[in-house]
Every structure is written in C-alpha cells, then in structure tokens.
Amino acid sequence: MKLKFINDMRKITLLFLILIISFSVYSQTEDKDSQNMEIIYSQDAYYPGGTLKLIEDVWTLMEYSEEAIAKRIDTEVMLSFDVQTDSSLSDIILLGKIGYGVDDDLKQVFEKLKFVPAFAQGKPIKMNVIMSIPIRTGPNSKRKTN
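Using our numbering, the final residue of the sequence shown is 575, and nothing's skipped along the way.
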C-alpha cells in the first residue's frame, strides 16, 4: 500500500515537472526587434491651424477642370501620406478615386502643404497620417488655367 502511494506520488511529481518545463519552453519572449517596436508619440503630426484650416487651404489651392465643375462633385476622398521630420509630405496616396483630373490636382496641392511633424522622445519623427478631405465643385469653383 505504501509502495503504491510512493509510485503514485512519483507519477504526479513527474507529470508536474513535465508541465512546468513545457510552459517554460513555450512561453512567449519579449520582441526586442527595433524595426517592429511600438512608437509612443508625445505629439502627433498636425496641420498648423487644424483640420478646418487644412480644408480651407485645400479648397483655396484646388483648381478644377470644366468637366469636374460641370459634374458638381460632392464627395470625400481618403488620403494617406507620411509627414516627414522637415514638415514635408511624401508617399501621398489617394485611397479613393474621383476622376476628371481632381485626383492629380489634389495630390499636387498636398505636395505643397507643410505639416508640423510628430514628436517622440523629444525628437521629430516621420508619421503616417490617414484623413478624409471633402471635395465640392460647382459654378463658383476655381477653374484650371492652362
């Protein structure tokens, strides 16, 4: 009886050790890869004057083809772009297409704009921004001058 109890305890101890070893072998380790580290921004990139000022400036700078004006476009376009440390924008991508030359013109307008860069640990860093810009055309829209 005592011998059976000892054998049972050995089996339980062995199973317990195997369980502990398996947990330590397959436990997750913290990834130290600097390429994939999460960045904590102390300040996100933004347009001086805010979003409403950005929309106002885009509308002021945009010029439309006669065809775009005649179509009376009333939509929003999603853009993705990187704000560089020198405040310039790069990799400007329109995530939705309008046509009538509006896409290219909108991209050219954004290439001229300057944003305040993002900051992390007190240093300016590149940040990707995705935003929606309303586009409206009508009889009072600024026409392209060729």
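By construction, the Cβ of each residue, glycine as well, lies at the ideal position given by its N, Cα and C atoms.
Residues that residue 572 bridges to, as DSSP identifies them
493
Going by beta-carbon coordinates alone, are residue 552 and residue 513 separated by less than 7 Å?
no
Can you tell me where the beta strand (DSSP E) holding residue 535 begins and where it ends?
No beta strand (DSSP E) holds residue 535; the alpha helix (DSSP H) holding it covers 531-541.
Taking all protein chains shown into account, do 16 or more other C-beta atoms lie within 10 angstroms of the C-beta of residue 387, making it buried, or fewer, making it exposed?
Past the edges of the chain, shown from 430 to 575, lies residue 387, and the structure says nothing about it.
Counting pairs of Cβ atoms below 8 Å between the segment 495-503 and the segment 518-535, do you hit three or more?
yes
Rounded to the nearest angstrom, what separates residue 511 and residue 542 at their Cα positions?
In a straight line, the C-alpha of residue 511 is about 12 Å away from that of residue 542.
Run the CB neighbour count on residue 561, radius 10 Å, all protein chains shown included, and call it buried at 16 or more, exposed below.
exposed
Local Cβ density within 10 Å of residue 563, reported as buried at 16 or more and exposed below that
exposed
Should residue 474 be labelled buried (16 or more other beta-carbon atoms within 10 Å of its own) or exposed?
buried
Using 7 Å as the threshold, is the C-beta distance between residue 518 and residue 539 below it?
yes
My output table needs one value for residue 554: the three-state DSSP class, helix, strand or coil.
When secondary structure is reduced to three states using DSSP, residue 554 falls in the strand class.
Please name the residue in 521, 484, 544, 434 whose C-alpha comes closest to that of residue 565.
484
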